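Going by the numbering used here, the sequence shown wraps up at 52, each residue one higher than the last. Where is the CB? At the ideal position from N, CA and C, for every residue including glycine. Note that the structure is a prediction, hence the values are computed from the model and not measured. Worksheet: one structure, shown below.
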Amino acid sequence: ISNEHSPKLQIRSHSYLRAVSEVSINRSLDSLDPAGLLTSPKFRSRNESYMRAMSTISQ
-6 ISNEHSPKLQ IRSHSYLRAV SEVSINRSLD SLDPAGLLTS PKFRSRNESY
44 MRAMSTISQ
């Protein structure tokens, strides 16, 4: 199928892959070391909000 190389489909599949990887990252957060996660800039904002939520729950 020649439609495979259309830009619209590539963008759609790219955003789909990114969404899937986001979900898998969220799933694996529990098994990862929080301290190691904090040092990674990619996860910093998500981890800060996660830590804030956890501290709010534990209070």
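Please report the distance separating the alpha-carbon of residue i from that of residue j.
i	j	result
A46	L10	27 angstroms
S51	M44	10 angstroms
S42	S48	10 angstroms
E53	S6	Only positions -6 to 52 of the chain appear in the structure, and residue 53 is not among them; the question remains open.
S8	S(-1)	15 angstroms
Indicate the three-state DSSP secondary structure (helix, strand or coil) for residue i in the structure shown.
i	result
S(-1)	coil
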